[in-house]
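Counting the sequence shown from 1 gives a position; the numbering used here is that position plus 19. C-beta: ideal position from N, C-alpha, C; glycine also. Input: a single structure, listed below in structure tokens.
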Amino acid sequence: MTNHSSIGIDLGTTYSCVAVWEEDHVKIIQNDVGENITPSMVSFEDSEILVGEEAMERAPIDPENTIFGVKRMMGRLYSDEVLQSDRKFWPFQVVEKDHGKPYVRVFFHQELKDFSPEEISGMILSKLKKDAETYLGHKVTKAVITVPAFFNDAQRRATKKAGEMAGLKVQRILSEPTAAAIAYGLDKLDKSDKSHKSNKSHKSNKSNKSNKSNKSHKSHKSHKSNKSNKGVNILVIDLGGGTFDVSLVSIHDGVSEVKASAGDTHLGGEDFDNRLAVHFLKEFKKKYGKDLSTDPKALRRLKSGCEHLKCTLSTSKKARLSIDSIYDDIDFHTSMTRTRFEKINKDLFEKIIEPMNIVFRDSGIPKSEVHRVVLVGGSTRIPKIQSLVSEYFGGDQKIKLYKNINPEEAIAKGAAILSAFLSGKKSDKIKNIALKDVTPISLGVETTGGRMEVIIQRNTPIPAESTKVFTTRYDYQKSVAIKVYEGEGPLVKDNQFLGEFELTDIPPALHGKPKIRETIRMDEDGIVHVSAVETSTGNCKKITIVQSKILQDLVVNSTSTSTSPSIFPSTPTATASSFVQSNDSHKQYYLATWKGRASPFRRFN
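Below, the structure is given as structure tokens:
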């Protein structure tokens, strides 16, 4: 039984999928209505919570209490521009509370109640867990859960928290393109095994003379096979309901090594649907003088119609939108061509190009050395997306788009394979699996003039750890404050603030004498840990970053007997300035800028 206690979950923006490793292959687990994918929706009905298909069915009836697209809220603040942009298309209420976090407000148990994005995601994960338990016939306790490669620290932590709320031990937070690469590797292995068995069966019917000949041929073929097993480079393009990722992955002897990743956490099928919705809102208002956006039920029905129309246009050149009694008993009937759809979304479609450029630039691997492009995520079914990718590589003959894996299921399959491996499942197919993922975003601290001092560069293999040494700026300075950021901007104002902490009880000394070793570590889940140590005493503070807040764990060397006095009253407020030269060592020290009265520090090069 314990052999089946772990699963792989693709927690998607619009749909989610769960899979398990059994009988030496991956099995997609169907939900209670026999579907392989489950809508990422939660509906609150009186005293009952509906998840998945039931929630989707209820959405047109009670849109204010049916939640969808919650993945786009994960790890974000209420004030986030992206979240505020999405709110215009959500018929349910989103409120600000708990230090700026977004919550959804619904009518439940005869009163208004607020739920965090993690709680809603936890309900979806709980449903997937239950479906898996129904299929397996026993409890599921562990899971690998996937996230977009470009999810930041807060978003990854929020996803892990949601998994724990669902009663799961989260084995790993895995990047979606990496999961797809794992699934691709197994798919190729399965096809190779089938081909080998077929050839072996055919050879068994040959004469002894033929067998000798075949042995010679087999030896030659094996030599060729070994030569071709030097590794392949695949470009994974993952365009789902709400996010877009590109990863260049090198696969060799069971090792999937991510060379570089890039993406957009706000680009996907939902955005194409929203463009269609805006188009038809204008058309309806022009025809009938009515504003559908003021009616949550009408808006929800329009969004559903737009999604269906978009899917139809992936296989047809024209599609109709027909919604009876959408508003004031008005029947809305219209149509759209694929050409018009592509024009409306032209700028969004073209957003897939720059992340590909970034991946090739950061990896140092040219396009000509890519052997295969793997498309995952339902939105890669859109013909324009496929043609843009083909054109990027110089046309259909230059690169083959690998479509043998179901794009909606590939990520869950890869997660299930890793989950099985981490759980110690015995199989020759997965025994040599190894992952080498990378940091999606650079990590660092604020320095003089609001500059970003990078400590861990993006696309560094994880787990990653790096240390830089800093010092004090003022004589007898007793504390330093440290602000942690992630991002690629040269200034911290262009990056994502993760949190701040203060290292106190620095022994009195002239400026430039104390040495403070600051270490940033990113674990296998892509989650950030930070520590700072004053080297002469061993006085150390370790912190865990949780959704732009800091949980502090002060660890003081047992030999230290000093108390923790307040910061020197005479310490001046830090001001922006350029670097200065140290007179004694002629090295450049960067002066940090911190808020309020906190003492700045400078860096030892």
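Item	Value
Alpha helix (DSSP H) segments (min. 4 residues) lying fully within the segment 262-338	288-307 and 315-331
Spatial distance of Asp292 from Gln515 (CA atoms)	28 Å
Nearest neighbour of Phe127, chosen from Met92, Phe63, Thr313 and Ala168 [CA to CA]	Phe63
Distance CB(Gly31)-CB(Ala38) smaller than 8 Å	no
Integer Cβ distance of Ala453 from Gly259, believed to fall under 8 Å	Their Cβ separation, rounded to whole angstroms, is 26 Å, which puts Ala453 and Gly259 out of contact at 8 Å.
Distance CB(Ala439)-CB(Ile164) smaller than 8 Å	no
Three or more C-beta pairs below 8 Å linking the segment 254-268 and the segment 394-404	yes
From Phe299, Glu369 and Tyr346, residue whose alpha carbon lies closest to that of Pro315	Tyr346
Neighbourhood of Ser446 by C-beta, 7 Å cutoff - its chain only, sequence neighbours within 5 removed	Asp43
Buried/exposed call for Lys329, threshold 16 Cβ in 10 Å	buried
Coarse secondary structure for Tyr411, derived from DSSP in three states	helix
N-terminal and C-terminal residue of the beta strand (DSSP E) that Ser550 is part of	Val547 to Glu553
Euclidean distance between Cα positions of Glu543 and Glu465	25 Å
Beta bridge counterpart(s) of Asn84 as assigned by DSSP	Answer is none; Asn84 lacks a bridge partner.
Whole beta strand (DSSP E) elements within the segment 489-524, 3-residue minimum	499-505 and 515-522
CB-CB length for Gly141 against Met184, believed under 8 Å	3 Å
Residue(s) in a DSSP beta bridge with Leu454	Ser275
Separation of Arg95 from Val265, as counted between CA atoms	22 Å
Ser145 versus Gly182: straight-line alpha-carbon distance, rounded	8 Å
Exposure of Asp29, with buried meaning 16 or more beta-carbon neighbours within 10 Å	buried
Uninterrupted alpha helix (DSSP H) stretches inside the segment 458-485 (no shorter than 4 residues)	none
DSSP-derived helix/strand/coil call for Ile418	coil
Cα-Cα separation between Lys532 and Thr523, rounded to whole angstroms	16 Å
Uninterrupted alpha helix (DSSP H) stretches inside the segment 328-410 (no shorter than 4 residues)	357-363, 365-368 and 372-382
C-alpha distance - Glu76 paired with Met60, whole-angstrom precision	10 Å
Spatial neighbours of Cys36 in its chain, beta-carbon cut-off 6 Å, leaving aside the 5 residues before and after	Asp29, Ile56, Glu428 and Ala431
Sub-8 Å separation of Thr491 and His530 beta-carbons	yes
Minimum length 3: unbroken beta strand (DSSP E) runs contained in the segment 151-220	161-166 and 188-194
Which listed residue (Ile47, Glu537 and Pro527) has its alpha carbon closest to that of Glu519	Glu537
Assigned exposure category for Asp310 - 16 Cβ within 10 Å defines buried	exposed
Simplified DSSP assignment, three categories, for Asp447	coil
Proximity of Ala168 and Pro459 at Cβ, strictly below 8 Å	yes
Pair within 8 Å by beta-carbon distance, Ser194 and Ser280	yes
Three-pair Cβ contact test at 8 Å for the segment 399-419 versus the segment 365-375	yes
Backbone secondary structure at Phe108 - three-state DSSP	coil
Expected contact under 8 Å - CB spacing of Ser25 and Gln190 to nearest Å	7 Å
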